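Participant: Structure below; questions to follow.
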Amino acid sequence: MWLPLLGLLIGLLMGSVVSVQIPLIYAKYMSIAILASLDSVFGGIKGLLGDTFDGAILITGFISNTILAGFLAYIGDRLGIDLYLAAVFAFGVRLFQNLATIRHHLLYRTFSKTKKVQ
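Following this line, the structure appears as structure tokens:
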């Protein structure tokens, strides 16, 4: 349990100390990569809370989602169409669905414990 927290702490420290400028041409690709990683994180948390977590599914889902979204963005750039917005929309919908499921699960746990205590 301490290893992910250590990685998060190191990442936050590095992010606050190191200033990285991303060229505007890569902004679409970075936004998709960030959304793909957030989707995987929230999907993993949802799996943990629902006792259906599988690390292989998490990693392969992250890789395949990132590749497909990057491919859509690349093809869209070549065609002059903002196809990356389809990936942004899909990841956005999944993020909110996963977050709602996580919230419901945590609220159910919290309120079901308080009812049993009383």
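Numbering of the sequence shown is given in our numbering, commencing with residue 315 and proceeding in unit increments.
Backbone N, C-alpha and C define an ideal beta-carbon position, used for all residues, glycine too.
If you're wondering where the values come from, they're calculated on a predicted model, not measured in any experiment.
(1) Check each candidate in I373, I389, D365, L319 and name the one with the smallest Cα separation from K342.
(2) In chain order, which alpha helix (DSSP H) runs of at least 4 residues are fully inside the segment 342 to 410?
(3) Just verifying my parser: in three-state terms, what is the DSSP assignment at V331?
(4) Using C-beta distances below 6 Å, list every residue in its chain close to K360, excluding the 5 sequence neighbours before and after it, in chain order.
(5) Nearest by alpha-carbon distance to A350: which of L322, S426, V407, S333 is it?
(6) Are I336 and M328 touching if we call contact CB-CB under 8 Å?
(7) Can you give the Cα-Cα distance for G375 and A383, rounded to whole angstroms?
Facilitator: This is what the structure gives:
(1) Taking the sequence shown and counting its residues from 1, one reaches residue 342 at position 28. Each of I373, I389, D365, L319 was checked against the Cα of K342, and the nearest Cα belongs to I389.
(2) As for any alpha helix (DSSP H) of minimum length 4 sitting wholly inside the segment 342 to 410, the runs are 369 to 393, ordered along the chain.
(3) Within the sequence shown, residue 331 is the residue found at index 17, counting from 1. Reduced to three states, the DSSP call for V331 is helix.
(4) The residue given as residue 360 occupies position 46 in the sequence shown. A distance below 6 Å between beta-carbons, with the five flanking residues on each side excluded, links K360 to the following residues of its chain, in chain order: N412, T415, I416.
(5) Within the sequence shown, numbered from 1, the residue matching residue 350 stands at position 36. Looking only at L322, S426, V407, S333, the smallest Cα-Cα distance to A350 is reached by V407.
(6) Your numbering for residue 336 matches position 22 in the sequence shown. Your numbering for residue 328 matches position 14 in the sequence shown. In this structure, M328 does not lie closer than 8 Å to I336 by Cβ.
(7) Position 61 of the sequence shown, counting from 1, holds the residue named residue 375. Position 69 of the sequence shown, counting from 1, holds the residue named residue 383. The straight-line gap from Cα to Cα measures roughly 12 Å.
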